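What follows is a short report on a single structure.
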Ligand SMILES: Cc1cc2nc3c(=O)[nH]c(=O)nc-3n(C[C@H](O)[C@H](O)[C@H](O)COP(=O)(O)OP(=O)(O)OC[C@H]3O[C@@H](n4cnc5c(N)ncnc54)[C@H](O)[C@@H]3O)c2cc1C
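Below, the structure is given as structure tokens:
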């Protein structure tokens, strides 16, 4: 039988707010591309790696998404989630149990990320923009991002690279 045996939920909460000098609070549906642009406009460094990673904050936390030597683990301050008893809980970085492209939310699939506070650092706008452009250009050279992707097939190790399968339409 085709399709998904279950329900598909599109998270439509995506507010982003600056909490203080170095912290951004965002809801799980906020796009990583939008978040990294807001960080840039507020001269906050730490989110440059997320430029060009397709997807939203909730999925990125669940996956501990990363690139260019940085991952969500490096910038998460707090995560607020709905647990399996429908209680809202807030946890610190350590309690997310981040590992390579994994977190507690991958293990406990009934827990849904609602929002998170990201802790960045004050930076220089030109340098942040330069890093974002470098990352994006490197991605464009290596990945045909205008084509559908079947995702990564292999785990990245020190000597091996991710292999993503693309299909020409
Ligand atoms: C062209 C391309 C390039 C990519 N490059 C990278 C890369 O450089 N680095 C990288 O790490 N990944 C990369 N990815 C993989 C993927 O896009 C990212 O990991 C992304 O962060 C996943 O977010 P998403 O919103 O697409 O999540 P989805 O694919 O929608 O979800 C991922 C998982 O998280 C779960 N989930 C989603 N939202 C929540 C929530 N709120 N609470 C709990 N669980 C949730 C979903 O059920 C699913 O199991 C790439 C993918 C493509 C297609």
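Numbering (our numbering), first residue to last: 1329 to 1497.
Glycine is no exception: its CB is placed at the ideal position from the N, C-alpha and C atoms.
Remember, predicted model here, so these are calculated numbers, not experimental data.
query = When you compare only the Cα positions, how much space is there between residue 1390 and residue 1433?
reply = Here residue 1390 refers to the residue found at position 62 when the chain shown is read from its first residue. Here residue 1433 refers to the residue found at position 105 when the chain shown is read from its first residue. If I take the Cα positions, the gap works out to 5 Å.
request  = Express the C-alpha separation of residue 1431 and residue 1356 in angstroms, rounding to a whole number.
outcome  = Here the question's residue 1356 lines up with position 28 in the chain shown. Here the question's residue 1431 lines up with position 103 in the chain shown. If I take the Cα positions, the gap works out to 15 Å.
inquiry  = Quick check on residue 1431: does DSSP put it in helix, strand or coil?
reply    = As a first step, residue 1431 is located in the chain shown; it is residue number 103 there, counting from the start. Looking at residue 1431 - three-state DSSP - the assignment turns out to be coil, as it is neither helix nor strand.
ask   = Taking the Cβ atom as the reference point for each residue, do residue 1358 and residue 1342 lie within a distance shorter than 8 Å?
value = The residue you call residue 1358 lines up with position 30 of the chain shown. The residue you call residue 1342 lines up with position 14 of the chain shown. Closer than 8 Å, so yes.
inquiry  = Could you tell me which whole alpha helix (DSSP H) segments of length 4 or greater appear in the stretch 1361-1442?
reply    = 1385-1391 and 1432-1435
inquiry  = The beta strand (DSSP E) that contains residue 1349, what's its start and end?
reply    = Position 21 of the chain shown, counted from the start, is the residue given in the question as residue 1349. Where residue 1349 is concerned, there is no enclosing beta strand (DSSP E), given that its DSSP letter is neither H nor E.
ask   = Taking 7 Å as the cut-off, does the CB of residue 1469 come closer than this to any heavy atom belonging to ligand 1?
value = Within the chain shown, numbered from 1, the residue matching residue 1469 stands at position 141. Not so, every heavy atom of ligand 1 lies at least 7 Å from the Cβ.
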